Structure formats: structure tokens, C-alpha cells
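Chains A and B are the protein sequences, given in the same order. Heads up, the working numbering is the position in the first sequence plus 37, with the first residue counted as 1. Heads up, the working numbering is the position in the second sequence plus 37, with the first residue counted as 1.
Protein chains: 2
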Amino acid sequence: MNNLYCNNFYYNKDVLTFAFDMNNTRFATVIHILTLLARSPGQWLSSDWIAGSIHINPVIVRKELGILQERGWVTSRKGKEGGSMLDVPSDQITLADIYQVVKNANILGKKNLDPNPKCPVGKDINDELDSLFLEMDRLIGTSLQQKTLQDFVKQFD
Amino acid sequence: MNNLYCNNFYYNKDVLTFAFDMNNTRFATVIHILTLLARSPGQWLSSDWIAGSIHINPVIVRKELGILQERGWVTSRKGKEGGSMLDVPSDQITLADIYQVVKNANILGKKNLDPNPKCPVGKDINDELDSLFLEMDRLIGTSLQQKTLQDFVKQFD
DNA sequence: TAATTTGTAACAACTTATATTACATTTATG
DNA sequence: CATAAATGTAATATAAGTTGTTACAAATTA
Chain A
38 MNNLYCNNFY YNKDVLTFAF DMNNTRFATV IHILTLLARS PGQWLSSDWI AGSIHINPVI
98 VRKELGILQE RGWVTSRKGK EGGSMLDVPS DQITLADIYQ VVKNANILGK KNLDPNPKCP
158 VGKDINDELD SLFLEMDRLI GTSLQQKTLQ DFVKQFD
Chain B
38 MNNLYCNNFY YNKDVLTFAF DMNNTRFATV IHILTLLARS PGQWLSSDWI AGSIHINPVI
98 VRKELGILQE RGWVTSRKGK EGGSMLDVPS DQITLADIYQ VVKNANILGK KNLDPNPKCP
158 VGKDINDELD SLFLEMDRLI GTSLQQKTLQ DFVKQFD
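In C-alpha cells form, the structure reads like this:
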């Protein structure tokens, strides 16, 4: 080996995950919930019933509904005849908004945590990846911003 | 509940993951490997040395190098003074090509496996999500196609 | 022949996602 | 007022996926 600038630096086992990720069904779950709510304006839909449509556990639905409440999109009501209802017109919610609610990772994946600072590539690669990941994220965001929940819901007529 | 079209269908525990995903560092790892190779044309770089720059285990590097060999981009040589070398000019490899090598999931995540076919939303939502996911994927692909490995490598001068 | 490197399998450790159980709290209604 | 039905939430279990690690055969150079 003649390029020795990476010497005196060896990997260890302290490589941790960099960030949360998109390895989940949350986008699919949340847009499904919102679609059902949007199709039944003024009605209290129960988490059990919603869960039956998505085919997942009702507790997961209630967790997502909690996040949608915080976001100001949904009101829930406890007790008999309780449930959840959409508070915002579906043309006021874009798919970019939904993406932001569930997004917690980069489109192209995660970065390695500790590239070698003594290597010209390792030293700067995470900055370059940050820049690339951000560009891709903005591309998706701009496109999803053109699509509203109402557009999505209309497809099920 | 007055919308009963989802009755007689309850979730069970057979919900499996839909596909592999992007919950990993493979894009970052592979572009790091290719960048190092591109910066040392005609030299045999060992997996240990490459791993030292990325700060990961050399076995992971060798696994990725195997995939890059299959793709026709890299030649490796066993034995003393062995290593790996880039076979293709770096302006002939686009970031879209690299994305394809490591991609095995949708940008917006996974779909729920078994939405309720008795519900108008559940029945069609995976088709609609497929369509949306594909559109987002093409958007990213088109953008990454404009960027070559050479462009990326130049950033480290 | 010795040293070095790839190729690869097998397994371990760690992380995350989702499901499940349980129960307190709230609310409508007979 | 009692009952039924629903949310909110914590705690735990199950399952899957990612990365690290160990080990060693095979290849190659000097």
C-alpha cells in the first residue's frame, strides 16, 4: 500500500446508527387513516374500525392519531360513541405535510458514523452526503407539495 | 358506527414485512468505496485499507466489492499485494446507477401487507401507493442520473 | 515456504418496528 | 347511576433487519 494517510486509525465497535429511518409503514398507515377520516366528514370513526380497514393493531392507530392531533389535523373524543374526526379540509393538507409528519430519515439511507478524519475522502464525505441527501429530499418535498390529501382521496371514488 | 363495510375482517398477526428497505448505510458505504477506488486508478486497494477509511468492518467492504464486481465495475485480486481496482471510467457511472445497486425499497417506506379488501379504501390503497412510490422513485432516479461518480469524486480535490 | 489478501459462511450483538396485553380515564345512554 | 364503549398510554413480547465478528479455505506474490 502506498497511500498511507489512513494509517493509525482503525475501526472499532462504537459505530452507532446515525438517525431514525424510513424502514416502516408509517406513511402508508397515516395516509390510510387520513383517507378514511376525509371520506367520513363529521363522523367519529373508532380506532378499532380504522384498524380493521388497514389490518393493523388498533393501538398503533391510536398512536398515529395522537400525532395527528398534535399536528392539529384531528380531534378525538373518548367514551361511548367516541372516535376521531378530521378538523382540516382535505385540500389544505398536502402529501408533503404528511411526509414531514412521518419522515425521520434520508431518502438515500444513513451515513456511516465515523469516517476516518485522516483520509481526505473520509474527512469530507458526510458533508457531501448531507448535501446530496438534502437535495433529494427537497426534490421529493416539492413534488409532494403539489398533491393534496383531497387529490389522493378522490382516487377511491 | 354506521359504515360497516369493513366488518367481518379483523387483523391477525400474519402481517409480514413487504420488502427490504433502505434502513442501512449501503449507499454511503458503496459511494465511499467507489470514491476511493476512483482516486487511485491502477492501484490495488485492500479491503482492510478501504475499511479503515470508512471506519467499518473489512468483511462488509468485501461483500460490497463482490456486488460491484458482479456489476462489472470492479476487479479484485487475491493474495499478497492483492486488492481491488476500478474497471470503468468514473464519468461512466452515475449516482442513479449506484442507487440502483443498493436500492431495495421505496422512498416513502413500506406498504401495509393486508389492507381490508372489503373496504373501498383498503381494497385499492396499495395500488395507489405503488403508483405514488414509483413516481417518487423516478423523480430521484432522473436527478441522480445527471450526476456522475466523477462529479462526486471531484468534490474531494 | 511464508506472508498476505480475498471470498464466504456462520453466528452474535444491536436496533427498530409492530403487536399485544393491560388498565385507568372518559363519555353516552338506558 | 350503572354499564358499555372508547381513548390514552405504559410495559412487554415478537419478529425482522443491519452490522460486526470470528474463522478459515483458497489464491497469489515474493
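Think of the CB as a built atom: it goes at the ideal place given N, C-alpha and C, for glycine as much as any other residue. Remember, predicted model here, so these are calculated numbers, not experimental data.
CA-to-CA distance, residue j to residue i, given in whole angstroms
i: T112 of chain A; j: S121 of chain A; result: 6 Å
i: P78 of chain A; j: Q187 of chain A; result: 12 Å
i: L131 of chain A; j: Q192 of chain A; result: It is worth fixing the name first, because residue 131 of chain A is Thr in this sequence and not Leu. Spanning the two alpha carbons is a distance of roughly 15 Å.
i: V190 of chain B; j: K160 of chain A; result: 13 Å
i: T54 of chain A; j: S90 of chain B; result: Residue placement at T54 of chain A is poorly supported in this model, since its pLDDT is 22, which falls under 50; the coordinates still yield a value, given next. Each residue's alpha carbon lies about 18 Å from the other.
i: N163 of chain A; j: R63 of chain B; result: 14 Å
i: Q137 of chain A; j: W81 of chain B; result: 44 Å
i: R175 of chain A; j: K117 of chain A; result: 44 Å
i: K155 of chain B; j: K100 of chain A; result: 24 Å
i: V125 of chain B; j: G109 of chain B; result: 8 Å
i: N149 of chain B; j: L171 of chain B; result: 16 Å
i: K147 of chain B; j: V139 of chain A; result: 12 Å
i: G178 of chain B; j: I93 of chain A; result: 32 Å
i: V158 of chain A; j: A65 of chain B; result: 12 Å
i: W195 of chain A; j: N153 of chain B; result: The question about residue 195 of chain A has no answer here: the residues shown for chain A are numbered 38 through 194.
i: I68 of chain A; j: S127 of chain B; result: 41 Å
i: S83 of chain A; j: I70 of chain A; result: 11 Å
i: I97 of chain A; j: K115 of chain B; result: 51 Å
i: L166 of chain B; j: G119 of chain B; result: 47 Å
i: I135 of chain A; j: T185 of chain B; result: 32 Å
i: Q182 of chain A; j: Q129 of chain A; result: 11 Å
i: M173 of chain A; j: A133 of chain A; result: 14 Å
i: N61 of chain A; j: D194 of chain B; result: 38 Å
i: A88 of chain B; j: D151 of chain A; result: 11 Å
i: S168 of chain B; j: S180 of chain A; result: 14 Å
i: L123 of chain A; j: L123 of chain B; result: 55 Å
i: Y48 of chain B; j: P95 of chain A; result: Confidence at Y48 of chain B is low in this model, with a pLDDT of 28, below 50, so its placement is unreliable and no value can be given for it.
Span of the beta strand (DSSP E) around residue i
i: T112 of chain B; result: 111 to 114
Span of the alpha helix (DSSP H) around residue i
i: S84 of chain B; result: 84 to 91
i: R108 of chain A; result: No alpha helix (DSSP H) holds R108 of chain A; DSSP gives it neither H nor E.
i: T66 of chain B; result: 63 to 76
Inset, instruction - Closer than 7 Å, Cβ to Cβ, to anything on chain A: give me those residues from the segment 171 to 183 of chain B, in chain order. - result: M173, L176, I177, S180
Inset, instruction - Report the residue ranges of all alpha helix (DSSP H) runs contained in full by the segment 121 to 188 of chain A; include only those spanning at least 4 residues, in chain order. - result: 132 to 139, 157 to 182
Inset, instruction - Examine the Cβ distances between the segment 96 to 116 of chain A and the segment 67 to 76 of chain A and report whether three or more of them are shorter than 8 Å. - result: These segments touch.
Legend entry - Short-range partners of chain B found in the segment 70 to 85 of chain A, where Cβ spacing is below 8 Å: T72, L73, R76, S77, Q80, L82, S83
Inset, instruction - Residues of the segment 86 to 112 of chain A with a CB closer than 9 Å to any CB of chain B: list them in chain order, please. - result: W86, I87, A88, G89, S90, I91, H92, I93, N94, P95
Legend entry - Residues within the segment 154 to 170 of chain B neighbouring chain A, beta-carbon criterion of under 7 Å: Cβ contacts with chain A: C156, P157, V158, G159, D161, I162, E165, L166.
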